[in-house]
Amino acid sequence: MTEEQKNQLESGIRDVVDFPKPGIIFKDITPLLANGELFRLTTEMFIESLEGQVPDKVIGIDARGFIFGAAIADRLGVGFIPVRKKGKLPWDTTGVAYSLEYGEAHVEIHRDAVSPGEKVFLIDDLLATGGTAGAAIKLVKELGGEILVMSFLIELAFLEGRKNLDSDVRTHSLLTY
Ligand code: AMP
Numbered sequence: 148m149t150e151e152q153k154n155q156l157e158s159g160i161r162d163v164v165d166f167p168k169p170g171i172i173f174k175d176i177t178p179l180l181a182n183g184e185l186f187r188l189t190t191e192m193f194i195e196s197l198e199g200q201v202p203d204k205v206i207g208i209d210a211r212g213f214i215f216g217a218a219i220a221d222r223l224g225v226g227f228i229p230v231r232k233k234g235k236l237p238w239d240t241t242g243v244a245y246s247l248e249y250g251e252a253h254v255e256i257h258r259d260a261v262s263p264g265e266k267v268f269l270i271d272d273l274l275a276t277g278g279t280a281g282a283a284i285k286l287v288k289e290l291g292g293e294i295l296v297m298s299f300l301i302e303l304a305f306l307e308g309r310k311n312l313d314s315d316v317r318t319h320s321l322l323t324y
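Everything in the sequence shown is counted per the numbering used here, starting at 148 for the first residue and increasing by one.
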């Protein structure tokens, strides 16, 4: 990915101060999504992070991971799997709870979503503390999926979220702050 491409992607991300609560600088990706050229570039850069590997499935995390994950799955011609917040998936699920800065969160996946040995491409928009991504990795591993790479559009490196991710999973971020 070139510096120019990074600058292009950055131009579509807006910092919103004190959202959703004081002290948080929220990375708003809606300008990027609203721009067809930038959205396409983002999808292409996500696909580049596969380094030529071909996944069986793309998995996106609730909710912004769905937007990129679905577009990527479509471009690769493979299926899309959602990892969702608790209580949203209707079939037989497996879930994992994890801690947030304040309180707890819980994500789930359908038990039949990934078959043992399937190669998956895991997507989310942003890596902050790593709680969400770590939980998704746990779920995929529990079902026997092989994670080719977990990719993020944005990594907030100062939060050191990578420390909470399994070291044997390759991770990639298009933009690091
Ligand atoms: P975490 O579990 O702490 O790594 O948080 C990751 C999830 O929270 C991602 O799915 C993001 O969508 C969201 N998130 C956390 N911090 C921010 C932020 N500063 N701006 C936008 N989204 C965020």
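No residue lacks a Cβ here, since even glycine has one placed at the ideal position from N, Cα and C.
Secondary structure at residue i, three-state DSSP: helix, strand or coil?
| i | result |
| --- | --- |
| GLU184 | helix |
| MET297 | strand |
| PRO167 | coil |
| VAL316 | coil |
| ILE345 | Residue numbering for the chain in the displayed model covers 148 to 324; residue 345 lies beyond these limits and cannot be assessed. |
| ILE214 | helix |
Rounded C-beta distance between residue i and residue j? I'm assuming under 8 Å.
| i | j | result |
| --- | --- | --- |
| LEU197 | THR189 | So it is not a contact: roughly 14 Å between Cβ atoms. |
| THR276 | ALA304 | Actually they do not touch by this definition, with Cβ atoms about 12 Å apart. |
| LEU273 | LEU300 | 7 Å |
Is it true that the CB of residue j sits closer than 7 Å to the CB of residue i?
| i | j | result |
| --- | --- | --- |
| LEU312 | ALA282 | no |
| ILE176 | ILE160 | yes |
| HIS253 | ALA260 | no |
| ASP203 | ARG231 | no |
| LEU321 | MET192 | yes |
Can you find the residues in the same chain that come closer than 7 Å, C-beta to C-beta, to residue i, ignoring five residues on each side of it along the sequence?
| i | result |
| --- | --- |
| GLY216 | VAL205, ILE206, GLY207, PHE227, ILE270 |
| GLU222 | The amino acid occupying residue 222 in the given sequence is Arg; Glu does not appear at that position. The answer, listed in chain order, is THR190, ILE194. |
| LEU343 | Past the edges of the chain, shown from 148 to 324, lies residue 343, and the structure says nothing about it. |
Closer than 8 Å by C-beta to residue i: which residues in its own chain qualify, once you throw out the five before and the five after it? Chain order, please.
| i | result |
| --- | --- |
| PRO167 | PHE173 |
| ALA218 | PHE186, THR190 |
Within the continuous beta strand (DSSP E) that includes residue i, where are the two ends?
| i | result |
| --- | --- |
| ARG231 | 226-232 |
Whose C-beta lies closer than 6 Å to the C-beta of residue i among residues of the same chain, with five residues either side of it excluded?
| i | result |
| --- | --- |
| PRO263 | GLY291 |
What residue does the alpha helix (DSSP H) around residue i start on, and which one ends it?
| i | result |
| --- | --- |
| THR241 | Here THR241 belongs to no alpha helix (DSSP H); instead the beta strand (DSSP E) covers 240-246. |
Using a beta-carbon distance below 7 Å, is residue i in contact with chain D?
| i | result |
| --- | --- |
| LYS233 | In summary, chain D is missing from the structure at hand, where a single protein chain is found. |
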